[in-house]
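Undergrad: Just so you know, we're using UniProt numbering here: the sequence shown kicks off at 9 and counts up by one.
In this text, a Cβ means the ideal position worked out from N, Cα and C, and glycines have one as well.
Quick caveat, the model's predicted, so the values are computed rather than measured.
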Amino acid sequence: TKRVRTRDLQLAKDNGERWAMLTSYDQYTAGIFDAAGIPVLLVGDSASNNVFGHSTTLPVTVDELIPLTRAVVKATQRALVVADLPFGSYELNAEQAFNTSVRFMKEAEAHAVKLEGGRKRAGQIRALVDAGIPVMAHIGFTPQSEHTMGGYRVQGRGEAGADILADAYAVQEAGAFAVVMEMVPGDVAARVTKELHIPTVGIGAGADCDAQVLVWQDMVGLRSGPMPRFVKRYADMASVLENAAKTYAEEVRGGQFPTIEHTF
Ligand code: KIV
Ligand code: NA
9 TKRVRTRDLQ LAKDNGERWA MLTSYDQYTA GIFDAAGIPV LLVGDSASNN
59 VFGHSTTLPV TVDELIPLTR AVVKATQRAL VVADLPFGSY ELNAEQAFNT
109 SVRFMKEAEA HAVKLEGGRK RAGQIRALVD AGIPVMAHIG FTPQSEHTMG
159 GYRVQGRGEA GADILADAYA VQEAGAFAVV MEMVPGDVAA RVTKELHIPT
209 VGIGAGADCD AQVLVWQDMV GLRSGPMPRF VKRYADMASV LENAAKTYAE
259 EVRGGQFPTI EHTF
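1. Identify, in the order they occur along the chain, each residue of the same chain with its Cβ nearer than 7 Å to the Cβ of Glu99, setting aside the five sequence neighbours on each side.
2. Would you tell me roughly how many angstroms separate the C-alpha atoms of Leu76 and Thr201, rounded to the nearest one?
3. Along the alpha helix (DSSP H) that carries Glu203, what are the first and last residues, could you check?
4. So who's on the other strand from Trp27, going by DSSP bridges?
5. Roughly how many angstroms lie between the CA atoms of Val110 and Leu230, to the nearest whole one?
6. Could you tell me which uninterrupted beta strand (DSSP E) segments, each at least 3 residues in length, are contained entirely in the segment 11 to 98, listed from first to last along the chain?
7. Looking at the structure shown, is Val209 part of a helix, part of a strand, or coil, going by DSSP?
8. Are the beta-carbon atoms of Val89 and Leu49 separated by less than 7 Å?
9. Taking 6 Å as the cut-off, does the CB of residue 278 come closer than this to any heavy atom belonging to the ligand NA?
10. Less than 7 Å separating the beta-carbons of Gly125 and Val192?
11. Out of Met227, Arg161, Ala83, state which residue places its alpha-carbon closest to the alpha-carbon of Glu117.
12. Would you mind giving the Cβ-Cβ distance between Pro207 and Ala20, rounded to the nearest angstrom? I have them listed as a contact below 8 Å.
13. Taking 6 Å as the cut-off, is the CB of Ile141 close to at least one heavy atom of the ligand KIV?
14. Return yes when the Cβ of Asp216 is within less than 7 Å of the Cβ of Ala198, no when it is not.
15. Just grab the DSSP bridge partners of Val143 for me.
Structure, rendered in structure tokens:
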């Protein structure tokens, strides 16, 4: 099997083919999603919430994300694995972004990095691309800036749509191979997708993006509680696991497990 390359994603856009991206933070989901044909896996800083149990993406560190990224790379044969740069590891300047990205590329053997910000991060994107590191940009709502943005809210409504467009052009110009748009009105995302030549990846950005991304635990219903409107649940894994755990515990209590076949 051949690895998916950024070039293949560009060809998909040129041919009008859409694709789906998922997060992954461990070997089993990575292997399953890879076998399912998901072409791009993101080791998101959303591991902060979805693996480490924090309430925002801010606390997770490079040292915590590198082993998760390495596991996802090792468990896949085909997917292009994107490493998300966590809060505090790239914003200062190009040198900081370079040093962090090199760690993901060398220690985890990631195939690309992702960072948040449009016009503000164009310098970092350019420096990484010049160093041979493919960059996926992320504009619209950027969770690492939630304290500046005033919480989870749609970005680019009304006149602010022009800011989204300016950010999109800036990251394309800086050399990003794709751009995630999070919580952006559908008509704004559609316009960006039409005007840019690089692929757009939507999350809460409507149906007209070139690709979509979801957090895997949201996609399979592992996370419970109130879910953002842009999430669709394709399974009810929370129930599957809860029922399995209950049945196992019952069988242990009742003496139905283990039996002779489980015994040496
Ligand atoms: O960290 C993450 O999961 C992300 C995606 C939602 C795009 O950045
Ligand atoms: Na992220």
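TA: Quick answer:
1. Sequence index remark: in the sequence shown, residue 99 carries index 91 (1-based). There are no such residues.
2. To locate residue 76, count along the sequence shown from 1; it is residue 68. To locate residue 201, count along the sequence shown from 1; it is residue 193. Going by the C-alpha atoms only, they are around 31 Å apart.
3. Locating residue 203 in the sequence shown gives position 195, counting from the first residue. Where Glu203 is concerned, the enclosing alpha helix (DSSP H) stretches over 194 to 203.
4. In the sequence shown, counting from the first residue as 1, residue 27 sits at position 19. In the DSSP output, where bridge partners are listed per residue, Trp27 has Ala219.
5. Stepping through the sequence shown from its first residue, residue 110 is reached at position 102. Stepping through the sequence shown from its first residue, residue 230 is reached at position 222. Each residue's Cα considered, the two are about 33 Å apart.
6. 27 to 31, 48 to 51, 88 to 92
7. In the sequence shown, counting from the first residue as 1, residue 209 sits at position 201. Three-state DSSP puts Val209 in a strand.
8. The residue you call residue 89 lines up with position 81 of the sequence shown. The residue you call residue 49 lines up with position 41 of the sequence shown. Yes, these two residues count as a Cβ contact at 7 Å.
9. In the structure as shown, the chain begins at 9 and stops at 272. Residue 278 is therefore absent and cannot be evaluated.
10. Numbered from its first residue, the sequence shown carries residue 125 at position 117. Numbered from its first residue, the sequence shown carries residue 192 at position 184. No.
11. As a first step, residue 117 is located in the sequence shown; it is residue number 109 there, counting from the start. Out of Met227, Arg161, Ala83, Ala83 has the C-alpha closest to the C-alpha of Glu117.
12. As a working mapping, residue 207 is identified with position 199 in the sequence shown. As a working mapping, residue 20 is identified with position 12 in the sequence shown. Confirmed, about 7 Å.
13. Taking the first residue of the sequence shown as position 1, residue 141 is located at position 133. Not so, every heavy atom of the ligand KIV lies at least 6 Å from the Cβ.
14. Locating residue 198 in the sequence shown gives position 190, counting from the first residue. Locating residue 216 in the sequence shown gives position 208, counting from the first residue. The answer is yes: Cβ separation under 7 Å.
15. On the sequence shown, residue 143 is found 135 positions in, with the first residue counted as 1. Beta-bridge pairing links Val143 to Val121.
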